[in-house]
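Trainee: For reference, each letter of the sequence shown is one residue, going 42 to 485 in our numbering. Please read through the structure below; I'll follow up with questions.
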Amino acid sequence: MKRVFLETYGCQMNVADSETMAGVLERAGLELTERPEDADAVLLNTCAIREHAEQRVLGRLGEFARIKKSNPRLVVGVTGCMAQHLRARLLDHARVLDLVVGPDGYRHLPDLLRRAAGEPVAQVRLDRDETYGDLEPRRGPGVRAWITVQRGCDKFCTYCVVPYTRGRERSLPLADLVAQVRHAVAQGFREVVFLGQTVNSYRHGGHDFADLLRAANAVEGLLRIRFTSPHPADMSDRLIAAMAECPKVMPQVHLPLQSASNRVLEAMNRTYTIERYREVVARLRAAIPGVALTTDLIVGFPGETAEDFAATEDYMREVRWDGAFLFKYSARPDTRAWRWPETVDEEEKGRRLTRLIELQHRISGEINDRAVGREVEVLIEGPGRKDPAQLHGKTREFKTVVLPNDGTPAGTLRRARVVGATPITLFAEPVAESRAPLPLVRLG
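Below, the structure is given as structure tokens:
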């Protein structure tokens with residue numbers, strides 16, 4: 042076996058996990074390929090948060106079954122949360138599936154692939170100590186490096202499978218994480234994003250997440266720090282102070298709410314009230330003027346009434362998030378809510394979702410329209426994928442900016458004046474000399 046095709050589904054944690062897997066495979070002498078038809082093995086790194094993601098993976102397995110008919114020696118594997126969550130169901134796909142690996146089995150992938158070439162193999166044991174902190178990821182080209190600081194979750198929201206698929210919380214040593222930041226900067230990355238299921242619950246050896254932000258802020262050559270996703274209940278004054286006092290920590294927070302109804306929040310076991318969330322927002326905005334806030338919301342949770350939904354809609358008008366990821370409730374096996382009767386039918390879920398999408402679209406448009414005429418700092422990420430005559434990048438608030446391509450290299454900080462806006466994009470013209478970029482390492 043020489044060539045492996047690796048495809049990723051789901052959240053940014055999965056992207057970071059795929060980078061870890063890619064590093065493990067390459068150090069074992071295996072080559073990553075961009076086409077499944079050219080591979081000796083294909084791996085799907087999967088998500089189990091929503092049913093739609095699982096259906097996409099099952100459909101993809103059907104495509105690989107056709108490839109396997111012409112190449113019977115092809116090893117087909119599923120890794121990640123779906124592998125952990127639906128291992129029995131996946132193994133029913135024995136005609137196509139040879140390998141099932143949960144989130145804590147990645148360091149053994151080369152050996153597992155070799156074994157799977159002879160017979161189906163499953164490695165789904167959760168490991169209380171596994172963090173992959175000693176494994177160097179194989180990152181692709183770009184300006185942004187993703188660094189996992191904490192794995193697993195102890196929150197046990199009633200709708201969420203993560204504690205069952207990724208295990209309990211465990212964090213990496215602060216010194217090791219700072220070393221990872223320095224290494225990323227040495228490779229040419231200008232921004233780091235700290236990742237965790239509840240990233241601000243980071244704790245290790247007496248250090249907390251505020252300590253990590255301050256330590257990373259001191260790393261020379263690093264321009265920007267972000268993190269995702271924090272839990273509102275763990276957004277302490279100490280952490281907010283660190284965010285405000287560290288100039289490299291960007292004024293942008295993705296703060297999932299899920300519902301603005303206290304009754305629904307309690308049923309979800311979110312461990313905070315809407316009043317607590319409102320206080321956190323007020324403290325963030327007071328400490329970090331101009332901070333951009335985004336969120337996650339779920340409509341149609343079991344028991345959600347029209348009044349509960351109206352509370353969420355009203356709060357959306359009040360808080361005015363810069364953006365929101367909006368979802369219909371999807372019941373997941375093995376969660377507490379799985380056993381609860383659905384009280385909102387799919388048609389009504391769709392209506393509620395559409396109302397929130399339209400409202401957030403309008404609010405995002407109004408917020409972005411106010412940026413027209415202002416100067417912003419843009420970290421250039423490269424030419425546009427659809428139009429190479431344009432550059433694209435991100436503001437400090439993580440707004441997407443499009444501007445004319447004047448040859449400015451990726452990794453450059455650029456001042457630009459916003460000349461137009463949509464709810465999701467700012468259009469700008471450069472107004473100042475660029476700073477010289479650090480060399481970007483192009484891997485793969």
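No residue lacks a Cβ here, since even glycine has one placed at the ideal position from N, Cα and C. Here the structure is a predicted model, which means the values were calculated and not measured.
Give the single residue among G159, R317, L444, A163 whose Cα lies nearest to the Cα of S277.
Mentor: Of G159, R317, L444, A163, the residue nearest in Cα terms is R317.
Trainee: Mind checking whether R279 and R231 have CB atoms under 8 Å apart?
Mentor: For R279 and R231, no; Cβs fall outside 8 Å.
Trainee: Using the three-state DSSP reduction, which class does F46 fall into: helix, strand or coil?
Mentor: Strand at F46.
Trainee: Which residue comes first and which comes last in the alpha helix (DSSP H) that contains Q221?
Mentor: Unbroken alpha helix (DSSP H) run through Q221: 215-227.
Trainee: Expressed to the nearest angstrom, what Euclidean distance is found between the alpha-carbon atoms of L154 and N86?
Mentor: In a straight line, the C-alpha of L154 is about 14 Å away from that of N86.
Trainee: Which same chain residues end up closer than 7 Å to I398 when comparing Cβ atoms and leaving out the 5 residues on each side of it in sequence?
Mentor: Hits under 7 Å: L367.
Trainee: Thinking just about the alpha-carbon of each residue, which of W362, E177, H433, A256 is nearest to the one in E67?
Mentor: Closest by alpha carbon: E177.
Trainee: For the alpha helix (DSSP H) that K390 lies in, which residues bound it at each end?
Mentor: From DSSP, the alpha helix (DSSP H) with K390 extends over 387-410.
Trainee: Count the other CB atoms within 10 Å of the CB of G159; is the residue buried (16 or more) or exposed (fewer)?
Mentor: Result: exposed.
Trainee: Pairs of beta-carbons, one from the segment 406-413 and one from the segment 441-453, closer than 8 Å: are there three or more?
Mentor: Flag = no, the segment 406-413 and the segment 441-453 do not touch.
Trainee: If L263 and V240 are in contact, beta carbons under 8 Å, what's the gap, nearest whole angstrom?
Mentor: At roughly 18 Å, the Cβ-Cβ gap does not stay under 8 Å, so L263 and V240 are not in contact.
Trainee: Does the pairing of the segment 182-199 with the segment 67-79 give three or more beta-carbon distances under 8 Å?
Mentor: Flag = no, the segment 182-199 and the segment 67-79 do not touch.
Trainee: What number of angstroms, rounded off, separates the C-alpha of G103 from the C-alpha of H149?
Mentor: Straight-line Cα distance between these residues: approximately 26 Å.
Trainee: Would you call the segment 425-434 and the segment 401-408 in contact, with 3 or more CB pairs under 8 Å?
Mentor: Result no; under three Cβ-Cβ pairs closer than 8 Å.
Trainee: Classify Q299 as helix, strand or coil using the three-state DSSP reduction.
Mentor: DSSP places Q299 in strand when its eight states are reduced to three.
Trainee: Tell me which residue opens and which closes the beta strand (DSSP E) that A163 is part of.
Mentor: Counting along the chain, the beta strand (DSSP E) containing A163 begins and ends at 162-164.
Trainee: Using the three-state DSSP reduction, which class does C52 fall into: helix, strand or coil?
Mentor: The answer is coil: DSSP assigns C52 none of H, G, I, E or B.
Trainee: Compute the distance between the beta-carbons of M42 and D81, then report whether it is under 8 Å.
Mentor: Yes, these two residues count as a Cβ contact at 8 Å.
Trainee: Could you pull out every residue in the same chain whose Cβ sits closer than 8 Å to the Cβ of R538, ignoring the five residues on either side in sequence?
Mentor: For the chain, the structure presents residues 42 to 485; residue 538 sits outside this window and is missing.
Trainee: Mapping DSSP to helix, strand and coil, what is E18?
Mentor: Absent from the structure is residue 18, since the part of the chain shown begins at 42 and ends at 485.
Trainee: Determine the DSSP secondary structure at T466, reduced to helix, strand or coil.
Mentor: Strand, per DSSP.
Trainee: Please classify D139: is it buried, with 16 or more other beta-carbons within 10 angstroms of its beta-carbon, or exposed?
Mentor: Buried, because 16 or more other Cβ atoms sit within 10 Å of the Cβ of D139.
Trainee: Looking at chain B, is there any beta carbon in it that lies within less than 8 Å of the beta carbon of C287?
Mentor: Structure shown: chain B not included; a single protein chain is present.
Trainee: Confirm, please, whether the CB-CB distance from V142 to D375 is below 8 Å.
Mentor: No, the Cβ-Cβ distance between D375 and V142 is not below 8 Å.
Trainee: Under 8 Å, do G452 and G229 count as touching if we go by C-beta distance?
Mentor: In this structure, G229 lies closer than 8 Å to G452 by Cβ.
Trainee: Are the segment 298-315 and the segment 340-354 in contact at 8 Å, needing three or more beta carbon pairs?
Mentor: Because the criterion of three Cβ pairs below 8 Å is met, the segment 298-315 and the segment 340-354 touch.
Trainee: For the beta strand (DSSP E) that V116 lies in, which residues bound it at each end?
Mentor: Per DSSP, V116 belongs to the beta strand (DSSP E) from 116-121.
Trainee: Considering only DSSP beta bridges, list what D249 is partnered with.
Mentor: DSSP lists R244 as partners of D249.
Trainee: Here's the rule: buried if 16 or more other CB atoms are within 10 angstroms of the residue's CB, otherwise exposed. What is W379?
Mentor: Flag for W379 reads exposed.
Trainee: Residues in its own chain within less than 6 Å of A251 by CB, not counting five upstream and five downstream?
Mentor: Excluding positions up to five away in sequence, the list reads R279, L280, A283.
Trainee: Can you give me the C-alpha to C-alpha distance between G118 and R209, rounded to a whole angstrom?
Mentor: Taking the straight line from one Cα to the other gives about 25 Å.
Trainee: Grab the span of the alpha helix (DSSP H) containing F350 for me, first residue to last.
Mentor: F350 -> alpha helix (DSSP H) spans 347-360.
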